[in-house]
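S.K.:
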Amino acid sequence: MNGTYKNILAIGVGGAIGTSLRYFFNVLTLELGYPLGTIIENLGGSLLLGFLTAWFVVFIPREWIKVGLGVGLCGGFTTMSTFAADSIFLYSRTPMDAIFYIVLSLFGGILFALGGYLLATRLATKTRQKMEGGL
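Heads up: the sequence shown runs through residues 39 to 173, numbered per this note's numbering.
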C-alpha cells in the first residue's frame, strides 16, 4: 500500500478511536453540569501527545504509526471547538467558572504535555539503555 494512503487510513482509524473515546468521556460526565469530560480529554490528550512526541524522538516509528497516534488518535480525542463552546456556556452562567475552566484547560494542557514529554524522555532513555545492554 502506498505510504500516503497508509497514513490516511491510520489517521482515520486513530481519529475514529479518539472521537469515540471523547464521546465516552462526555457521556460519562454529562450529568455533572460542568464540562469535566472536555477537561479530561484535553489534558489527557495533551499528556499523551507530549509523551508520544518525546518517545518518537528516541524510537522513530513508521510514519503511519506516528500520524495515526498523533494526528488521528490525539486529534480526535482532544477538541478545541468543545472547549470554546463550554467556555461560552460557563461564562453565561458564572464568569468565574469560565475563567477557572479556561485557565485550567490552557495551563493544564501545557503542563500535561510537558509532563508527558518528560516522562517519555525518561522512560525512553531507560529503555534504550536496557536494549543496548547498559544499566
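Virtual Cβ for every residue (Gly too), placed ideally from N, Cα, C.
Express the C-alpha separation of F127 and V141 in angstroms, rounding to a whole number.
M.R.: Translated into the one-based positions of the sequence shown, residue 141 becomes position 103. Translated into the one-based positions of the sequence shown, residue 127 becomes position 89. Each residue's Cα considered, the two are about 15 Å apart.
S.K.: If you run the structure through DSSP and keep just helix, strand and coil, what is Y139?
M.R.: Residue numbering aside, residue 139 sits at position 101 when the sequence shown is read from its first letter. In this structure, Y139 counts as helix in the three-state DSSP scheme.
S.K.: How big is the Cα-Cα spacing for V109 and L86?
M.R.: As a working note, residue 109 is residue 71 in the sequence shown. As a working note, residue 86 is residue 48 in the sequence shown. Linking V109 to L86 through their CA atoms gives a straight-line distance of about 12 Å.
S.K.: Quick one: what does DSSP say M39 is sitting in, helix, strand or coil?
M.R.: The residue you call residue 39 lines up with position 1 of the sequence shown. Residue state, collapsed to three classes: coil.
S.K.: Would you call the stretch 79-97 and the stretch 155-162 touching, i.e. three or more CB-CB distances under 8 Å?
M.R.: Counting C-beta pairs closer than 8 Å gives three or more between the stretch 79-97 and the stretch 155-162, which meets the contact rule.
S.K.: I believe T67 touches L59 by the beta-carbon criterion, under 8 Å. Please report the beta-carbon distance rounded to the nearest angstrom.
M.R.: Your numbering for residue 67 matches position 29 in the sequence shown. Your numbering for residue 59 matches position 21 in the sequence shown. Not confirmed; about 13 Å, so no contact.
S.K.: Could you compute how far the alpha carbon of V65 sits from the alpha carbon of P99?
M.R.: Position 27 of the sequence shown, counted from the start, is the residue given in the question as residue 65. Position 61 of the sequence shown, counted from the start, is the residue given in the question as residue 99. Taking the straight line from one Cα to the other gives about 33 Å.
S.K.: Per DSSP, what kind of secondary structure is R100 in: helix, strand or coil?
M.R.: For the purposes of this step, residue 100 is identified with residue 62 of the sequence shown, where counting begins at 1. For R100, the secondary structure class from DSSP, reduced to helix, strand or coil, is coil.
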